[in-house]
Amino acid sequence: MTHFVCSKSAYISITQEMRKRNMYTYRVSDYRTENLTTDEVIQKCMDDAKSSTQRTIVFDEKEYVISQAILLPPDTTVILDGCHIMQADYIVDNVFRGTNVIVDPNQPLGMPLACERTKNIRIIGKNGAHISGPQKNARAYHTTLHEEQDMVGDFWGWRTITVCLSNCDVFELSGVFFDKSRCWTASFDRCTNGLIQNIRFRTDCKNGDGIDIRSGCHHIVIRNISGTTSDDTVACTAIGTSTVPHYPMGNYLYPLEPCTCLTEKTQMDMDISDISIENVRSNGNHHAVICLAADGHKIYDIRLNRIVEANAEGKMWREAVVKVYTGYGKSCSTDDIYNIHAENVLATYADYAFYCNTELKNCYLKNIHHRDQKASPEIKLDYTENVRIIDGIRRDDIRDMYTSLGIKPTDCVVMHVSLKSIGKIDGGAEQLLAASTDYLKNGLFIVPTHTWANVNRDTPLYNVLETVPCVGAFAITCARVANESPNAIRSLHPTHSAAVFGQDCKRFAEGEEKLHSRTPRNGLWGRLYDENAKVLLVGVGLDKNTYIHAIDEEINGLPADENAYFDAQVIDYNGKRIDVPRMNIYTYWPSSTFGLFETILFDAGALTYSDLGGAQVICFNVKKAHDVIIKRVNSAKNTKMISELL
Numbered sequence: 196m197t198h199f200v201c202s203k204s205a206y207i208s209i210t211q212e213m214r215k216r217n218m219y220t221y222r223v224s225d226y227r228t229e230n231l232t233t234d235e236v237i238q239k240c241m242d243d244a245k246s247s248t249q250r251t252i253v254f255d256e257k258e259y260v261i262s263q264a265i266l267l268p269p270d271t272t273v274i275l276d277g278c279h280i281m282q283a284d285y286i287v288d289n290v291f292r293g294t295n296v297i298v299d300p301n302q303p304l305g306m307p308l309a310c311e312r313t314k315n316i317r318i319i320g321k322n323g324a325h326i327s328g329p330q331k332n333a334r335a336y337h338t339t340l341h342e343e344q345d346m347v348g349d350f351w352g353w354r355t356i357t358v359c360l361s362n363c364d365v366f367e368l369s370g371v372f373f374d375k376s377r378c379w380t381a382s383f384d385r386c387t388n389g390l391i392q393n394i395r396f397r398t399d400c401k402n403g404d405g406i407d408i409r410s411g412c413h414h415i416v417i418r419n420i421s422g423t424t425s426d427d428t429v430a431c432t433a434i435g436t437s438t439v440p441h442y443p444m445g446n447y448l449y450p451l452e453p454c455t456c457l458t459e460k461t462q463m464d465m466d467i468s469d470i471s472i473e474n475v476r477s478n479g480n481h482h483a484v485i486c487l488a489a490d491g492h493k494i495y496d497i498r499l500n501r502i503v504e505a506n507a508e509g510k511m512w513r514e515a516v517v518k519v520y521t522g523y524g525k526s527c528s529t530d531d532i533y534n535i536h537a538e539n540v541l542a543t544y545a546d547y548a549f550y551c552n553t554e555l556k557n558c559y560l561k562n563i564h565h566r567d568q569k570a571s572p573e574i575k576l577d578y579t580e581n582v583r584i585i586d587g588i589r590r591d592d593i594r595d596m597y598t599s600l601g602i603k604p605t606d607c608v609v610m611h612v613s614l615k616s617i618g619k620i621d622g623g624a625e626q627l628l629a630a631s632t633d634y635l636k637n638g639l640f641i642v643p644t645h646t647w648a649n650v651n652r653d654t655p656l657y658n659v660l661e662t663v664p665c666v667g668a669f670a671i672t673c674a675r676v677a678n679e680s681p682n683a684i685r686s687l688h689p690t691h692s693a694a695v696f697g698q699d700c701k702r703f704a705e706g707e708e709k710l711h712s713r714t715p716r717n718g719l720w721g722r723l724y725d726e727n728a729k730v731l732l733v734g735v736g737l738d739k740n741t742y743i744h745a746i747d748e749e750i751n752g753l754p755a756d757e758n759a760y761f762d763a764q765v766i767d768y769n770g771k772r773i774d775v776p777r778m779n780i781y782t783y784w785p786s787s788t789f790g791l792f793e794t795i796l797f798d799a800g801a802l803t804y805s806d807l808g809g810a811q812v813i814c815f816n817v818k819k820a821h822d823v824i825i826k827r828v829n830s831a832k833n834t835k836m837i838s839e840l841l
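Residue numbering for the sequence shown follows the working numbering, beginning at 196 and increasing consecutively.
Right, here's the structure in full:
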C-alpha cells in the first residue's frame, strides 16, 4: 500500500505554527529618508527590529534596488506587499538569506565559517510581489576553465542563489514571482518543517532551477508552483561527500550549499524525506521534478501529485516530467530510494512522463500519461521490480473527489470540466458522467451544454436534439446522454442550456424557453441559489463559472444596447418550434475578470479545493459566494466593474 507523507493535518500544524504568533511589525517605508540609500534604509529597519524577539518586516514601497543580501535573523516574517525587489547590476549575492550563515571575510564567495541552526523564517509575498536578479551580471575569470564568463550558474557557488535558507527549522516561502535568476532561484539545505507555495518563475540562465531541496531536508510541503524554468522546476537532490570538500573542485569554484561547511553529519543530515509536491504546472528544460540520490544519501517518503507540463515555448526540451534517478557520484543502492508515490503526472512535450534509471523500493505510480499519444512509452523504468502502476482515473477516484469536498448524494452539483486537464479516465467522459450521476442519484447533476457560439443573430435556431454544445467534449457527451435517458433532460434555453440528471430533473429545467436572457434569477442558473448548489470547476478557473453571470445579471440587469438583442427560435423534443423574441446574451462583467473574486471568496469559506487526476478542482458554494459578492457590491460605487468592487 502507498505511504503518504506530509498529511493534511501536518500541513495545517505547520501553517498554524507560522501564523499564531503576535509579532512586532516594522515597515521599511517608515525608515526612508533622502540621505539614506535603499540598502541603508533596509538595514536600519532590520537593526531596529532586532530589539523584538519576534518581528514582521513589511516591504511596502513599490520598488527596492538592493546591492547586498537582506539578512534574516530567527523568528522573522517578511511581508512583500506588492513590491518589486531588484538586485543592482553586477551584484553577486543572495536577495535573502539567514544571519546564521557566517561569511568568511577573506573568501566571501567561498566556504562559510559557520552555518548555525536557525528557526521560524518566513518570506510571504502578496499583491503581486516580485523579486528579480540584476539586469547586467558580474563577470570574472574562471580559474579552471581559463576564461572570463558571467558569474552565473552552479560553478560560481551559493551566492548566486536568489533565496538561500540553510539549517532552518520551520520556514515559509510563498506568493512571489521570480525572474532573472542567476542560478537556482530558491535553495534549502538542512531545512525542516517548511511550506513553499504559490510561486511563479521565469528563469533563462544556466542551472536556472526553480526550487532546490538539498540533503538534510524533511517534512516540507511544496504546492502551487508554475512558470518557466531553464532547468528543473523542483529538484530534490541528496548528493555530496561525507567530509568537507575543498574548492575549486573541478569546474566548481565555490560550494553551492552553505551547510557544506558543517563537519558533523548524521544520516538524516544526508537524506531527504517526507516531501509533498503538489500542483506543479511548468514548462522549460530538463524536468519538472527530480528526485536524485547518490553517495549513500537516501530519498524516501516522497509524494508527487498533479505534476503537469505546460506547452513548450520555442526550442524547449525535457527528458521527463518526473525523473527519479541516481548519478553525480557513487550510484545508490537498492534501499536508498523508497516509498515514492507519484500520481497525476501529465506530459506535453517531454520524452517521457516518468523516468527512473535505478532500483526502487515500494514505488506507486498512478495516472501517468503523455498528451502526445504517439509518445511511447509514457513511463520508462530501467528496473521494474517493486513498482506498482495503476493506469487511469477510476470510478472510486471520482467518488473520492466528491466526498473530499463534503458533497452529499442529495446535493445539487454543477460541473464545468476540462477532460484534458484530468488525464486518462477509464471509460472516458461516459465514466465521469456515470460515476457522477450514480453518486448524486438522490440529488441533481448539471452540466452546461451552452450553444452561444453557434446560436446568435446570424443563426438564431436552437434544436435541443441536434445543436452541438460549444463548451467542450464533456458537454457534448452529456447533451447526447441527456436526450436518451429517462432521468435526464437537456433544457430548452437557446444559448445557455444545461444537461440535468436526477429524479427531479424535468421540474428543475422547465420553462427555459420562456426566458429572454442567459441567467435570470427565475431561470435554471438563478435557481441554483435556492438549491444551495455547488459548482465544481475541474481543471478550469472561475472564468468558466456560468453562475457568476447570474450574479452580474441580478445586480446590473441587462445592457440597453439594442444590438445586444436578437429573435431566437427553439425546436423542442417533439419538433415543435417556439419563438423566443428579444433574446439577450450580454451582461456587464466579462468572464475573464471572474478570477479576481478568488481571494475574497476563499477567505469567506466559499471556495474549497480538491483534485481529480491532473486537474485541480475548485468547489464554489453558490449561496456563500453569492452573498459575499452581494455584500461587496452594496459597499461599492460602481457595480459594473469587478476591479472597482475589489
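Note that beta-carbon positions come from the ideal geometry of N, C-alpha and C, so glycine has one too.
Start-to-end residues for the alpha helix (DSSP H) that takes in residue i
i	result
residue 235	233-244
residue 444	No alpha helix (DSSP H) holds residue 444; DSSP gives it neither H nor E.
residue 285	Counting along the chain, residue 285 falls outside any alpha helix (DSSP H), and DSSP gives it neither H nor E.
residue 822	817-829
Nearest candidate by alpha-carbon position, reference residue i, set the options
i	options	result
residue 319	588, 392, 447 and 682	392
residue 295	359, 719, 262 and 348	359
residue 772	724, 688, 826 and 634	688
residue 432	445, 407 and 415	407
residue 637	594, 696 and 794	696
residue 639	703, 664, 615 and 668	703
residue 777	758, 786 and 770	758
residue 478	495, 451, 513 and 529	513
residue 542	498, 480, 528 and 589	480
residue 849	603, 597 and 781	A query on residue 849 cannot be resolved here, the shown segment of the chain reaching from 196 to 841 and no further.
residue 530	493, 545, 508 and 292	493
residue 630	752, 314, 592 and 822	592
Beta-carbon proximity check, residue i vs residue j, cutoff 8 Å
i	j	result
residue 456	residue 307	yes
residue 690	residue 720	no
residue 453	residue 353	yes
residue 749	residue 672	no
residue 518	residue 564	no
residue 763	residue 650	yes
residue 802	residue 815	yes
residue 534	residue 501	no
residue 403	residue 376	yes
residue 361	residue 385	yes
Segment limits, beta strand (DSSP E) that includes residue i
i	result
residue 702	No beta strand (DSSP E) holds residue 702; the alpha helix (DSSP H) holding it covers 700-704.
residue 802	802-807
residue 407	406-409
residue 465	Segment 462-465 is the alpha helix (DSSP H) holding residue 465; no beta strand (DSSP E) there.
residue 251	250-254
residue 343	342-345
Three-state secondary structure assigned by DSSP to residue i
i	result
residue 387	strand
residue 370	strand
residue 308	coil
residue 538	strand
residue 354	helix
residue 783	coil
residue 198	Model confidence at residue 198 stands at a pLDDT of 40, short of 50, so the residue's coordinates are unreliable and nothing is read from them.
residue 325	strand
residue 742	helix
residue 758	helix
residue 214	Residue placement at residue 214 is flagged as unreliable, the pLDDT there being 41, under the threshold of 50; the coordinate-derived value follows with that caveat. In this structure, residue 214 counts as helix in the three-state DSSP scheme.
residue 434	coil
residue 457	coil
residue 658	strand
residue 363	strand
Integer-rounded CB distance, given that residue j should sit under 8 Å from residue i
i	j	result
residue 350	residue 341	Not really, about 13 Å apart at Cβ, beyond 8 Å.
residue 726	residue 607	4 Å
residue 818	residue 611	Not quite, the Cβ-Cβ distance comes to about 18 Å (not below 8 Å), so this is no contact.
residue 327	residue 356	Contact doesn't hold; Cβ gap of about 14 Å is too wide.
residue 487	residue 520	6 Å
residue 324	residue 371	5 Å
residue 515	residue 544	About 11 Å; that fails the 8 Å criterion.
residue 602	residue 729	6 Å
residue 797	residue 655	About 40 Å; that fails the 8 Å criterion.
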